[in-house]
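If you use this note's numbering, the sequence shown corresponds to residues 1368 to 2022, in order. Heads up: the structure comes next, in structure tokens.
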Amino acid sequence: MSESIQSLLESVSKENRSFPPTPEFAEKARVRSMEEYEAEYQRSIDDPEAYWAEIASELHWFKPWDRVLNEDEKPFFKWFEGGKTNLAYNCIDRHIENGDRNKAALIWEGEPGDSRVLTYFDLYREVNQFANALKKLGVGKGDRVALYLPMIPELAIATLACARIGAVHTVIFAGFSSNSIRDRVLDCGARCVITADGGWRRGQILNLKSIVDEAVEGVDCIQEVIVVKRGHGDPFPCRIKEGRDHWYHRIVQDQSIHCEPEQLDSEDMLFLLYTSGTTGKPKGIIHTVGGYMVYAYQTTKVVFDMRKEDVYWCTADIGWITGHSYILYGPLQNAASVVMYEGAPNSPDNGRFWDIVEKYGVTIFYTAPTAIRAFMKWGEKWPNAKDLSSLRLLGTVGEPINPEAWIWYHKVIGADRCPIVDTWWQTETGGILLSPLPGATPTKPGSATLPLFGIDAAVLDDEGNEQKAGILAIRKPWPGILRGIYGDPQRFKDTYWCKWNGEYYFPGDGARTDEDDYFWILGRVDDVVNVSGHRIGTAELESVFIEHPSVAESAVIGVAHEIKGQGLVAFITVRENATADEKLEKELKDLVIKSIGKFAVPEKLIFSGDLPKTRSGKIMRRLLRDIAEGKALGNVTTLADPSVVETLRKKYQEQ
Ligand code: WTA
1368 MSESIQSLLE SVSKENRSFP PTPEFAEKAR VRSMEEYEAE YQRSIDDPEA YWAEIASELH
1428 WFKPWDRVLN EDEKPFFKWF EGGKTNLAYN CIDRHIENGD RNKAALIWEG EPGDSRVLTY
1488 FDLYREVNQF ANALKKLGVG KGDRVALYLP MIPELAIATL ACARIGAVHT VIFAGFSSNS
1548 IRDRVLDCGA RCVITADGGW RRGQILNLKS IVDEAVEGVD CIQEVIVVKR GHGDPFPCRI
1608 KEGRDHWYHR IVQDQSIHCE PEQLDSEDML FLLYTSGTTG KPKGIIHTVG GYMVYAYQTT
1668 KVVFDMRKED VYWCTADIGW ITGHSYILYG PLQNAASVVM YEGAPNSPDN GRFWDIVEKY
1728 GVTIFYTAPT AIRAFMKWGE KWPNAKDLSS LRLLGTVGEP INPEAWIWYH KVIGADRCPI
1788 VDTWWQTETG GILLSPLPGA TPTKPGSATL PLFGIDAAVL DDEGNEQKAG ILAIRKPWPG
1848 ILRGIYGDPQ RFKDTYWCKW NGEYYFPGDG ARTDEDDYFW ILGRVDDVVN VSGHRIGTAE
1908 LESVFIEHPS VAESAVIGVA HEIKGQGLVA FITVRENATA DEKLEKELKD LVIKSIGKFA
1968 VPEKLIFSGD LPKTRSGKIM RRLLRDIAEG KALGNVTTLA DPSVVETLRK KYQEQ
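Printed below as a string of structure tokens:
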């Protein structure tokens, strides 16, 4: 067993409690029992093409596909080849035609307490007007459009407008720095950025427009910057650059409320989403229209047991994949009413989320373990003060959930009544792959349980033999699978398809299975750290530190963190003539903020004379992790200089 799996396994508690779905839930659920799950699962694995064709035909196609799955150029799979469709049409127009014109589509709550409800017909008008405005500026099919917006309705509207006209959206989480925006914009050659003159976060206004100005300065591909008015000119007056910048409200005002949806090919690009990997710069994950659409639709329907009567709230940001698939595309295709909240969970106080649940009668609530651990710390009095009886289903995503947090969520938020779906998936997978089905699967705290329909998952060792503990692998392609890395087909093959001779997709997570064949995700086996559910590449951070003239070398590791799941620790050696002091520490932290964003600043920076290395010069990260987690140190005899660890350990304890 590899060393990384061994160390992941050590952290898993022996959890064996099981929670079957309540009969009340199961009775009304889409999938009502394990027998139903197993029968449908078997059918989906025996004949995936027939299965997915059946699901896809629940949606609208301008032209049906010629072939469900084309594997000829594996791993460059094609789904629903020859089909023509439009995802925005399936999210909006389909429901309008079905008589749901005046049903709430988006229920938006601003941090300061303002709110807006958009019906499906409102959304239709707003999306089409903005789509027409984009077209008038010359933005069209295949153009890349970057969005750097707070969680306001215009973010949803603009994303859907891109999908309607076939422009490729790339949403950049509003916590990223101007350098990160620039990297992404340059990588995909975006022609347009959509931003806002402000956005609320813990009572403060974020100055997004000036961050964008800095990012696109001198970037030739950018022709337009569109600015949504959310701030009030104070404290940041918004500078408008003639010829390049346009106010959103001005360009939409005279546009028609109708815009013909572009009839897109299934394999036309829908969006790019940048995510961190093991090496170098973040990669632009490609998702295409047809397969992603079908997968987001189906997984939302079965995992969240979703109905159009549901008031569904996912607390993620649309800047991450969770927001793409499970705020926008999945729930809207299922005609739900989707709650969207702009701000922080503790603004103005720690009860804000429960206020929102009570205010809108949320029925399905989907959040991350890191948030649940924060709620636990804040105490039961906050949720207990509100009426949460509208809730019927809870979900979690982004990182392994520790059983204590699961139990708390189940009891305090779910009143021992709501099933919990622990959903495992990734930016690359487009949608959920492992999860309980709430009316069927008995859940176990900390386990993402079983594969969804069409997902053939296994736990393997490096050689490809099935094991009880090892590396998670997925055998068959599914419609939502990434289609590539923008501009880098080789990196796509190397990253995901090199292990096990291209026979399996390699997600980079460790896992084990138990006596019921349930999957337990153990965490990443590569150098990606999951901080509060945000993926950060350690190599990415190391390359930031090395830019500083005083830094000779650095090694960044992820360590267990009570609230964030994992935190970052950076070990840094400085150059001979440099001083390792508070000033340097601040400079290095500022450098991370400038290069990536505040959320990537390490918990601890440790300056050290040397780093533990093998005789061949490789940094031994495992030892650094042991030092940081206060564990007994394993074998150090292979080190070039064994005294280095002892010195480091002392230093670490002093901090
Ligand atoms: C981790 C987020 C355990 C995992 C949707 C994966 C999880 C990475 C779970 C993807 C879960 C996500 N249990 N771990 N339920 N969900 N992860 O791309 O390590 O931001 O590889 O997608 O998060 O993160 P990403």
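Backbone N, C-alpha and C define an ideal beta-carbon position, used for all residues, glycine too.
Here's a check: name, in chain order, each residue in its chain whose Cβ is nearer than 7 Å to the Cβ of residue i, leaving out the five neighbours to either side.
{"i": "Pro1770", "result": "Ser1380, Glu1382, Pro1812 and Gly1813"}
{"i": "Ala1815", "result": "Asp1789, Thr1790, Trp1791, Leu1801, Ser1802, Phe1886 and Ile1888"}
{"i": "Ala1455", "result": "Val1494, Leu1527, Ala1530, Arg1531 and Pro1628"}
Just to confirm my understanding: we take residue i, look at its own chain, exclude 5 residues before and 5 after, and list those with CB closer than 6 Å. What are they?
{"i": "Asp1716", "result": "none"}
{"i": "Met1673", "result": "Thr1667, Asn1701 and Ala1703"}
{"i": "Ala1683", "result": "Thr1689 and Gly1690"}
{"i": "Leu2015", "result": "Ser1975 and Ile1994"}
{"i": "Gly1984", "result": "none"}
{"i": "Gly1644", "result": "Lys1650 and Gly1904"}
{"i": "Phe1671", "result": "Ile1731"}
{"i": "Phe1873", "result": "Tyr1863 and Lys1866"}
{"i": "Trp1775", "result": "Met1743"}
{"i": "Val1506", "result": "Ala1534 and Cys1559"}
Using C-beta distances below 8 Å, list every residue in its chain close to residue i, excluding the 5 sequence neighbours before and after it, in chain order.
{"i": "Val1826", "result": "Glu1833, Gln1834, Lys1835, Ala1836, Gly1837, Ile1838, Leu1839, Ala1840, Ala1878, Arg1879, Thr1880 and Phe1886"}
{"i": "Phe1488", "result": "Ile1463, Arg1468 and Asn1469"}
{"i": "Lys1503", "result": "Ile1618 and Gln1622"}
{"i": "Pro1786", "result": "Phe1386, Pro1388, Thr1389, Phe1392, Leu1760, Leu1761, Pro1803, Pro1805, Gly1806 and Thr1810"}
{"i": "Glu1403", "result": "Ala1807"}
{"i": "Cys1588", "result": "Val1552, Leu1553, Gly1556, Ala1557 and Arg1558"}
Is it the case that the CB of residue i approaches a heavy atom of the ligand WTA more closely than 6 Å?
{"i": "Ile1519", "result": "no"}
{"i": "Pro1969", "result": "no"}
{"i": "Ile1888", "result": "yes"}
{"i": "Gly1718", "result": "no"}
{"i": "Ala1396", "result": "no"}
{"i": "Ile1852", "result": "no"}
{"i": "Asp2027", "result": "No answer is possible for residue 2027: it lies beyond the span of the chain, which begins at 1368 and ends at 2022."}
{"i": "Pro1767", "result": "yes"}
{"i": "Arg1902", "result": "yes"}
{"i": "Val1764", "result": "yes"}
{"i": "Thr1905", "result": "no"}
{"i": "Arg1891", "result": "yes"}
{"i": "Ile1739", "result": "no"}
Would the C-beta of residue i count as close to the ligand NAD, meaning under 6 Å from any of its heavy atoms?
{"i": "Asp1554", "result": "Of the ligands one can find in the structure shown, namely the ligand WTA, none is the ligand NAD."}
Identify the continuous beta strand (DSSP E) that holds residue i and give its terminal residues.
{"i": "Phe1603", "result": "Taken as a continuous stretch (DSSP letters only), Phe1603 belongs to no beta strand (DSSP E), as it is neither H nor E."}
{"i": "Ile1561", "result": "Cys1559 to Ala1563"}
{"i": "Trp1614", "result": "Asp1612 to Trp1614"}
{"i": "Phe1886", "result": "Phe1886 to Arg1891"}
{"i": "Ala1922", "result": "Val1918 to His1928"}
{"i": "Arg1879", "result": "Asp1876 to Thr1880"}
{"i": "Trp1475", "result": "Ala1471 to Glu1476"}
{"i": "Ile1787", "result": "Ile1787 to Thr1790"}
{"i": "Lys1971", "result": "Lys1971 to Phe1974"}
{"i": "Leu1760", "result": "Leu1760 to Val1764"}
Just checking my contact of residue i with residue j at CB under 8 Å: how many whole Å lie between their CB atoms?
{"i": "Ala1530", "j": "Ile1561", "result": "That pair is no contact at about 14 Å."}
{"i": "Pro1803", "j": "Thr1810", "result": "5 Å"}
{"i": "Glu1629", "j": "Gly1565", "result": "32 Å between Cβ atoms; not a contact."}
{"i": "Val1741", "j": "Ile1930", "result": "One point to set straight first is that residue 1741 is Ala, not Val, in the sequence displayed. About 6 Å separates the two Cβ atoms, so the contact holds."}
{"i": "Trp1680", "j": "Ile1723", "result": "7 Å"}
{"i": "Glu1333", "j": "Arg1611", "result": "Residue numbering for the chain in the displayed model covers 1368 to 2022; residue 1333 lies beyond these limits and cannot be assessed."}
{"i": "Gln2022", "j": "Ile1973", "result": "7 Å"}
{"i": "Asn1546", "j": "Lys1961", "result": "6 Å"}
Terminal residues of the continuous alpha helix (DSSP H) containing residue i?
{"i": "Asn1944", "result": "Counting along the chain, Asn1944 falls outside any alpha helix (DSSP H), and DSSP gives it neither H nor E."}
{"i": "Gly1657", "result": "Val1656 to Val1670"}
{"i": "Arg1397", "result": "Where Arg1397 is concerned, there is no enclosing alpha helix (DSSP H), given that its DSSP letter is neither H nor E."}
{"i": "Ala1772", "result": "Pro1770 to Trp1775"}
{"i": "Ile1548", "result": "Ser1545 to Cys1555"}
{"i": "Lys1430", "result": "From DSSP, Lys1430 is part of no alpha helix (DSSP H); its letter is neither H nor E."}
{"i": "Glu1521", "result": "Pro1520 to Ile1532"}
{"i": "Ser1910", "result": "Thr1905 to Phe1912"}
{"i": "Leu1490", "result": "Tyr1487 to Leu1504"}
{"i": "Ala1741", "result": "Pro1736 to Trp1745"}
{"i": "Tyr1853", "result": "Counting along the chain, Tyr1853 falls outside any alpha helix (DSSP H), and DSSP gives it neither H nor E."}
Assess, as a yes-or-no matter, whether the segment 1642-1656 is touched by the segment 1844-1858 under the definition of 3 or more beta carbon pairs within less than 8 Å. Touching, yes, given that three or more Cβ pairs across the two stretches are closer than 8 Å.
Quick test of the definition: if touching needs 3 or more C-beta pairs under 8 Å, does the segment 1756-1765 touch the segment 1774-1790? Counting Cβ pairs under 8 Å, three or more are found: they touch.
Given 8 Å as the limit, is there contact between the segment 1931-1944 and the segment 1973-1983, that is, 3 or more CB pairs closer than that? Contact check between the segment 1931-1944 and the segment 1973-1983: three or more CB pairs, one atom from each, fall below 8 Å, which counts as touching.
Counting Cβ pairs, one atom from each stretch, are 3 or more of them under 8 Å apart for the segment 1539-1552 and the segment 1509-1519? Counting Cβ pairs under 8 Å, three or more are found: they touch.
Does the pairing of the segment 1410-1423 with the segment 1584-1595 give three or more beta-carbon distances under 8 Å? With the cut-off at 8 Å, the segment 1410-1423 and the segment 1584-1595 do not touch.
Would the segment 1791-1805 and the segment 1862-1878 be scored as touching if the rule is three or more Cβ pairs under 8 Å? Because the criterion of three Cβ pairs below 8 Å is met, the segment 1791-1805 and the segment 1862-1878 touch.
Does the pairing of the segment 1742-1753 with the segment 1909-1925 give three or more beta-carbon distances under 8 Å? Short answer: they don't touch.
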